[in-house]
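In what follows, a structure is listed as structure tokens, so that the remarks can point back to it.
Number of protein chains: 2
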Amino acid sequence: MAEADFIQRLRAIATHPAARGLADDAAVLGDLVITHDMIVEGVHYLATDPPVDVAWKLLAVNLSDLAAKGAEPEGVLLGYPLREADWDAAFADGLAEALGHFGVPLLGGDTVSAPKDAPRMIGMTALGRSTHAPDRRGALAGDDLWLIGAIGEAGAGLAIAQGTDGPADLLSAYRRPVPLLAEGRLLAPHAHAMADVSDGLLIDAARIAAASGLAVAIDLDKVPRSAVLTAFAGDDRAARLAAVTAGDDYALICAAPPQAAGEIERTGALRIGRFGVGAGLSLHDRDGDVPLPDRIGYEHARP
Amino acid sequence: MAEADFIQRLRAIATHPAARGLADDAAVLGDLVITHDMIVEGVHYLATDPPVDVAWKLLAVNLSDLAAKGAEPEGVLLGYPLREADWDAAFADGLAEALGHFGVPLLGGDTVSAPKDAPRMIGMTALGRSTHAPDRRGALAGDDLWLIGAIGEAGAGLAIAQGTDGPADLLSAYRRPVPLLAEGRLLAPHAHAMADVSDGLLIDAARIAAASGLAVAIDLDKVPRSAVLTAFAGDDRAARLAAVTAGDDYALICAAPPQAAGEIERTGALRIGRFGVGAGLSLHDRDGDVPLPDRIGYEHARP
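Those sequence lines, one after another, are chains H and D.
Here our numbering is used: the first residue of the first sequence is 685, the next is one more, and so on.
Here our numbering is used: the first residue of the second sequence is 685, the next is one more, and so on.
Structure representation (structure tokens):
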């Protein structure tokens, strides 16, 4: 509960409207969208993950926050603790590759010396512009819950990175997530609320509902499962629940009114649930109510 | 040289004009000024420094970068690794106090779990607006070098924090530096180049000269010394050299043409040197040339 106390103290400071109560993926100051994410060795990535992939992931995680606000990226700043020349050089190469891939400039940052035995904590700030940046707190009762992107593949990829045998596509979903920037810009104008799925589909959908003062019901059968994921993890209820509670997917979810359904379907998003009056998350499938698993996603502090 | 190699790799990526070749205090994108600084326990502050002061310093260091670009702060984002509930709570209180003091909103950030034995690395991003953000690279031959702010007091304060007996004012200069935001805004319209003094007066002045392709000569007698610093550290040449090579001052230096001298004097800045054709740093005082000390400031990697 020390984490909760710290966040509570920060929320009490962050009264500026641009901070959005520290409940959103990013701060929104006029048309400027700005986010800062850190990744910690052993927490957000494995010490054995290749440094080029760690660089990719750091960028992807930050750009995904911009995607969730419908923003076009303008640039990033890096906060980097130097530790080991080879690892650092490979990280820089990976960053160059990833920035080139997404067409985003490196604008600045800070490089510091870190004690040799300290775990790496690498920070990145991303900024972008959005003319319509949906808040996490804006869902209305009666809105549909839409999802775009794969769910559960990164969780399977983590198991593979940790030693389970499995296909490279799933490993890549974990190590090289792809922020859905174009999709975010298409969805934003129609969305009452939007967020990326970083900690698990269930927990992130529940956070939109909680932030909006609503309940949300999700149809587990509607959550898409790729053939590669089904082949790896199976397709029973346990496998489906594992997918919707795994993190690192960087899919997007949004709440939108039923009259926007036509426009939203054209983006490729799938309708997987509904917001209603009340509170809390419920799950169902063709057989009826599905009891919630004990853990609905990654709970970690975020201001 | 691993650091230099890493920075070189980043510079090769950072080709966008807003990055200013990663040679400036901040990135400048239109009227937006944005900077990211990290502070590391045992490197940028002492493990024994009170957490409220560490929060103050983190904010001050970032705002000083904005001051050096003549910017008005708009807000900050925090990258914070949680480790110890009491320390974290005191840090949050110190941050609230410092943000309140400077009237700057907390807009967002990220809080992560950190391994219990990891040294703290805390990141902050500050953004502001400036209609005229002088580059570090813009000094011209014939420009005067101007200084505003105290030099050497934070270095003396560090010695006091490490156990030497000395006055509270100097300790405070080290633990609670004050970014010269109003002074930066007054100087910026007249300055060809401007920077804050974070690593030592000599090294930071030499960096302006190097970035501008010039030489700079500094008159050691013109560098101001407060009575409290003189009483603590003495006033001989060694004491004067110690002051101009100590870090953490967060004074401002700028290069400006002689015809701006009247305007600049009114800000309280002091003329301490001159830029000229050539390369390198030279020092003199009333007795003539002063040999450069072996170490002219803190050399640490910064992208």
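Cβ atoms here follow ideal geometry from the backbone N, Cα and C, with glycine treated the same way.
- [ ] Identify, in the order they occur along the chain, each residue of the same chain with its Cβ nearer than 6 Å to the Cβ of H:P818, setting aside the five sequence neighbours on each side.
- [x] Take H:P818, set aside five residues on each side of it, and the residues of its chain with a beta-carbon closer than 6 Å to its own are A872, A875, A877, M878, in chain order.
- [ ] Closer than 7 Å, Cβ to Cβ, to anything on chain H: give me those residues from the segment 748-761 of chain D, in chain order.
- [x] From the segment 748-761 of chain D, only E758, G759, L761 have a Cβ closer than 7 Å to chain H.
Task: Closer than 8 Å at the beta carbon, the chain D residues around H:I887 - done: Under the 8 Å cutoff, chain D gives no residues; its nearest Cβ is about 16 Å from H:I887.
Open item on the list: Less than 9 Å between the beta carbons of D:L913 and D:A834, yes or no?
Closed with: Yes, these two residues count as a Cβ contact at 9 Å.
Task: Residues near H:A985 by beta carbon distance below 8 Å, same chain, minus five either side - done: Interpretation of H:A985 is limited by its pLDDT of 45, a score under 50 that renders its predicted location unreliable; the figure taken from the coordinates is listed afterwards. Contacts found: E687, A688, F690, I691.
Task: For H:A782 and H:G841, the rounded distance between their alpha carbons - done: Across the structure, H:G841 and H:A782 are spaced so that their CA atoms are roughly 19 Å apart.
Task: H:L790 at chain A interface by Cβ criterion, 9 Å - done: Of the protein chains in this structure, namely H and D, none is chain A.
Open item on the list: For a test of the three-state rule: what should DSSP assign to H:I948, helix, strand or coil?
Closed with: In the three-state reduction of the DSSP assignment, H:I948 falls in the helix class.
Open item on the list: Report the CB separation of H:G884 from H:T848 in whole angstroms; it is logged as a contact under 8 Å.
Closed with: Not really, about 19 Å apart at Cβ, beyond 8 Å.
Open item on the list: Applying the 10 Å Cβ sphere with the 16-neighbour rule, what's the burial state of H:E837?
Closed with: Buried: at least 16 other Cβ atoms inside 10 Å.
TODO: Measure from the C-beta of H:H720 to each C-beta in chain D and report whether the shortest distance is under 9 Å.
DONE: Yes - at least one Cβ of chain D is within 9 Å of the one on H:H720.
- [ ] Kindly say whether D:M878, judged by its beta-carbon, lies nearer than 9 Å to any beta-carbon of chain H.
- [x] Chain H contact via Cβ: absent.
Open item on the list: Quick check on H:G714: buried or exposed, where buried means 16 or more other Cβ atoms within 10 Å of its Cβ?
Closed with: The residue in question, H:G714, is exposed, as its Cβ has fewer than 16 Cβ neighbours within 10 Å.
Open item on the list: Do D:A823 and D:V961 have their beta-carbon atoms positioned less than 9 Å apart in this structure?
Closed with: When the beta-carbon positions are compared, D:V961 and D:A823 stay at least 9 Å from each other.
Task: For D:R958: DSSP bridge partner residues - done: In the DSSP output, where bridge partners are listed per residue, D:R958 has D:D828, D:A901.
Task: chain H contacts from the segment 792-812 of chain D (Cβ-Cβ distance under 8 Å) - done: Those would be G792, G793, D794, T795, V796, S797, A798, P799, A802, P803, M805, G807, T809, L811, in chain order.
Open item on the list: In the DSSP assignment, the beta strand (DSSP E) including D:A877 goes from what residue to what residue?
Closed with: Per DSSP, D:A877 is one residue of the beta strand (DSSP E) stretching across 877-881.
Open item on the list: Please list the terminal residues of the continuous beta strand (DSSP E) segment that includes H:L783.
Closed with: For H:L783, no beta strand (DSSP E) run applies; the uninterrupted alpha helix (DSSP H) run containing it begins and ends at 769-786, by DSSP.
Task: Neighbour list for D:R693 in chain H, Cβ cutoff strictly below 8 Å - done: In chain order: A773, A776, D777, A780.
TODO: Could you pull the start and end residues of the beta strand (DSSP E) that D:S814 belongs to?
DONE: Run containing D:S814: none; DSSP gives neither H nor E here.
Task: Status (buried if at least 16 other CB within 10 Å, exposed otherwise) for H:T815 - done: Classification of H:T815: exposed, given that the 10 Å Cβ count is below 16.
Open item on the list: Need the endpoints of the alpha helix (DSSP H) that H:L706 sits in, please.
Closed with: Looking at the DSSP string, H:L706 is not in any alpha helix (DSSP H), and its letter there is neither H nor E.
Task: Rounded straight-line distance, which links the Cα of H:V712 to that of H:A702 - done: H:A702 and H:V712: Cα-Cα distance of roughly 5 Å.
- [ ] Have a look at D:L742, D:T809, D:L904 and flag the residue whose alpha-carbon is nearest the alpha-carbon of D:R924.
- [x] In this structure, D:L904 is the residue among D:L742, D:T809, D:L904 with its C-alpha nearest to the C-alpha of D:R924.
Open item on the list: Does D:E983 pass the burial test, meaning 16 or more other C-beta atoms within 10 Å, or should it be called exposed?
Closed with: The residue in question, D:E983, is exposed, as its Cβ has fewer than 16 Cβ neighbours within 10 Å.
- [ ] Drop a sphere of 10 angstroms on the beta-carbon of D:P987, count the other beta-carbons inside from all chains shown, and report buried for 16 or more, exposed for fewer.
- [x] Only weak support exists for where D:P987 lies, its pLDDT of 36 falling under 50; the coordinates are left without a value.
- [ ] Could you round the C-beta distance between H:M805 and H:L762 to whole angstroms and report it? I think they count as a contact, below 8 Å.
- [x] Contact between H:M805 and H:L762 fails: their C-beta atoms lie close to 12 Å from each other, not under 8 Å.
Open item on the list: Spatial neighbours of H:A798 within its chain, please: C-beta separation below 7 Å, excluding the five flanking residues on both sides.
Closed with: These residues qualify, in order along the chain: P765, L766, R767.
TODO: Give the interface partners of H:P765 over in chain D, defined as CB-CB distance under 8 Å, in chain order.
DONE: Close partners of H:P765 in chain D (Cβ separation under 8 Å): M722, V724, M805.
Task: When H:D920, H:R820, H:Q943 are compared against H:L706, the one with the closest alpha-carbon - done: Minimum Cα distance to H:L706 is reached at H:R820.
- [ ] With DSSP collapsed to three states, give me the class of D:I937.
- [x] Note: D:I937 maps to strand in three-state DSSP.
Task: Within 9 Å, strictly: CB atoms of D:L743 and D:V717 - done: Against a cut-off of 9 Å, the Cβ pair of D:V717 and D:L743 comes out as no contact.
Open item on the list: If I measure Cβ to Cβ from H:T951 and keep anything under 7 Å in the same chain, skipping five residues before and after, which residues do I get?
Closed with: Hits under 7 Å: I832, E867, L870, L871.
- [ ] For D:A686, decide whether its Cβ has a neighbour in chain H, counting only Cβ atoms nearer than 9 Å.
- [x] At least one CB atom of chain H sits nearer than 9 Å to the CB of D:A686.
TODO: For chain D, find out if any of its Cβ atoms is closer than 9 Å to the Cβ of H:T815; answer yes or no.
DONE: So no, H:T815 is outside the interface.
Task: D:Y982 (DSSP reduced to helix, strand or coil) - done: In this structure, D:Y982 counts as coil in the three-state DSSP scheme.
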